[in-house]
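This note's numbering puts the sequence shown at residues 1468 to 1899. Here a beta-carbon is modelled for each residue, glycine too, at the ideal position from N, C-alpha and C. Computed from a prediction, not measured in an experiment: that's the story for all the values here.
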Amino acid sequence: MSSEAFDAVDIIRTKRDGEALSEEQIRWVIEAYTRGAVAEEQMAALNMAILLNGMGRAEIATWTRAMIDSGERMDFSVLPVPTTDKHSTGGVGDKITLPLAPLVASFGVAVPQLSGRGLGHTGGTLDKLESIPGWRADLSNEEMLAQLRHVGAVICQAGSGLAPADRKLYALRDVTGTVESIPLIASSIMSKKIAEGTGALVLDVKVGSGAFMKDAGAARELARTMVDLGTDAGVTTRALLTDMSTPLGLTAGNALEVREAVEVLDGGGPPDVVELTVALAREMLSAAGREDVDVAAALTDGRAMDTWRAMITAQGGDPDAPLPTATDTDVVLAPADGVLVELDALAVGVAAWRLGAGRARREDAVQAGAGVQMHAKPGGAVRAGEPLMTLHSDTPERFDRARQALADAAVIAPEGSRPPGRPLILDRLVAG
Ligand code: URA
């Protein structure tokens, strides 16, 4: 006779038949799965039942709390300043965290940014920063707190004690076709962000070919679910829905993106990267109670750059060291004269990944210099035979596969054409 409070099969049947799970059932199944008393195949079946039948607001909140309670909770209340953080659901060329964290911290609000590595076609913030010679991602909780006190911003990897249930669940969802469930994505992201202990949180929910969510309706539902979860947990939470049908900026790849982020911190950089960095900084600062600041000025007067340099140095990096470059390049030429009206984010992301910028399995290494450099953005004029993109890799045998991914990525229309008018910031959600 088992001493367990519930039977996993009963819980699977409940969700399979479209009924709501009770708080006790959810708490037990997450706790028992984390300690190994619920089998992987049982949790896989439950995840699939959740993906097919959904969960209500109370169920999602309980599921999230149970994942938070599976591990430690960080506490920054000892800091004399408010804390604010950002999470992006991931996209191609999304290097925004790099200029954003020091920019926000330069206004005296602390930014504890726990980030991840890339998997598949979207890059990971830690992979990008690791292209800076000497920089290290693995800080202890004490080092993180000390850096927040002295520099104001830290970007590092989450310790293994934070939401361990999510780590196990996410690995299972990855191999069982159950990642794309709004309740499971929302609870996975928010359990880590709430456990991280930030006082305010801004979510950048991406929409488009290069994003998890291909259509605005699903992205809005994910954003609403996460804003509600954060708000219910006492975190001031807001979300922006932003376009990911074309890459952000002109680079996709680790060191290539760091270089572009530094251009933004130096008062330059591509207009779309600057626009989104400034918009997210305003949201993060206002969510932390700072409305009265000129965010853009800190990018041009060197304040954000000073904080960046201090942040990189504090984590062992040399902000003045040359960034790695790939050994080989291959130039993709424009096939016709005209206007670039589409440049598909997913195709560019897959190409960067195939060039070596990303990994197929968690244990793979990434190439720091690999990636795609774009020479035009939608709306820009192109000339037949001139460079459209430059591919970078240490393994030139990868160029053919990257070119295949890019075969239909660029659409060039006759001169005078205009690209579809898509704003970068599509919507904004607040508590309510
Ligand atoms: N990122 C996460 O952390 N979890 C998900 O489920 C999806 C994206």
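For ligand 1, residues whose Cβ lies under 5 Å from any non-hydrogen atom: After applying the 5 Å Cβ criterion, the set is I1652, S1655, I1656.
In its own chain, which residues sit with a C-beta less than 8 Å from the C-beta of M1693, not counting the 5 before and 5 after it? A1653, I1656, M1657, L1670, V1672, T1704, A1706
Same chain only: Cβ atoms within 6 Å of G1619, ignoring 5 sequence neighbours per side: A1572, A1577
Pick out whichever of M1856, P1886, V1817, Q1782 has its Cα sitting closest to the Cα of E1610. Q1782
Are the beta-carbon atoms of M1902 and V1559 separated by less than 8 Å? Here the chain has residues from 1468 to 1899 only, and residue 1902 is not among them.
Do T1501 and A1632 have their beta-carbon atoms positioned less than 8 Å apart in this structure? Between A1632 and T1501, the C-beta spacing is below 8 Å.
Assuming L1858 contacts A1869 (C-beta within less than 8 Å), just tell me the rounded distance between them. 5 Å
Using CA coordinates, which residue listed in G1666, D1695, V1740, F1679 is at the minimum distance from M1751? Ranked by how close their Cα comes to the Cα of M1751, the residues G1666, D1695, V1740, F1679 have G1666 in first place.
Bounding residues of the beta strand (DSSP E) (the contiguous stretch that carries H1554): If you look at H1554, you'll find it in the beta strand (DSSP E) that goes 1551 to 1555.
Using DSSP with H/G/I as helix, E/B as strand and the rest coil, what is V1672? strand
Euclidean distance between Cα positions of L1696 and E1688: 12 Å
Based on DSSP bridge pairs, tell me the residues matched to D1795. S1860
Between the segment 1506 to 1522 and the segment 1539 to 1546, are three or more C-beta pairs nearer than 8 Å? no
C-beta contact flag for G1677 and A1506 at 8 Å: Contact: no.
Three or more C-beta pairs below 8 Å linking the segment 1780 to 1796 and the segment 1599 to 1613: Verdict: yes, contact present.
I need the straight-line Cα distance from G1523 to D1484, nearest angstrom please. 14 Å
Identify, in the order they occur along the chain, each residue of the same chain with its Cβ nearer than 7 Å to the Cβ of V1731, setting aside the five sequence neighbours on each side. P1566, V1740, V1741, T1744, L1766
Rounded to whole angstroms, what is the Cα-Cα separation between S1489 and T1556? 29 Å
Using only CA atoms, which one of L1708, S1648, M1680, G1590 lies nearest to I1892? L1708
So the candidates are V1548, S1860, M1841, L1570; which of them puts its Cα closest to the Cα of E1853? M1841
Chain-order list of residues whose beta-carbon lies under 8 Å from that of P1650 (same chain, five-residue window excluded): I1517, G1521, M1522, E1526, I1527, W1530, T1692
Enumerate in chain order the residues of its own chain whose CB-to-CB distance from V1817 is below 7 Å, with the five nearest sequence positions on each side excluded. Correct list, in chain order: H1588, A1872.
If you measure between the beta carbons of V1839 and I1879, is that distance less than 8 Å? no
Classify V1762 as buried or exposed, calling it buried when 16 or more other Cβ atoms lie within 10 Å of its own Cβ. buried
Please state if the CB of D1605 and the CB of Q1580 are separated by a distance shorter than 8 Å. No, the Cβ-Cβ distance between Q1580 and D1605 is not below 8 Å.
With respect to the alpha helix (DSSP H) encompassing T1481, which residues constitute its N-terminal and C-terminal limits? 1475 to 1483
Cα separation between K1553 and R1828? Separation of K1553 and R1828 (C-alpha to C-alpha, rounded to the nearest whole angstrom) is 26 Å.
Residues of its chain near Q1509, where Cβ-Cβ distance is below 6 Å and the 5 sequence neighbours each way are ignored: A1475
Give the list of continuous alpha helix (DSSP H) stretches no shorter than 4 residues that lie fully inside the segment 1633 to 1693. Inside the segment 1633 to 1693, DSSP marks whole alpha helix (DSSP H) runs of 4 or more residues at positions 1649 to 1663, from first to last along the chain.
Determine the direct distance from the alpha carbon of D1787 to that of K1595, and round the result to whole angstroms. 16 Å
For a test of the three-state rule: what should DSSP assign to A1499, helix, strand or coil? The answer is helix: DSSP assigns A1499 an H, G or I state.
For A1900, which residues from the same chain have a beta carbon less than 7 Å from its beta carbon, with the 5 sequence-adjacent residues on both sides left out? Because the chain in this structure spans residues 1468 to 1899, residue 1900 falls outside the shown range and cannot be described.
Just grab the DSSP bridge partners of T1774 for me. Bridge partners of T1774: none, in fact.
Based on Cα-Cα distance, which residue from E1471, G1644, K1681, L1519 lies nearest to A1487? L1519
Buried or exposed: which applies to T1551, given that a residue is buried once 16 or more other Cβ atoms fall within 10 Å of its Cβ? buried
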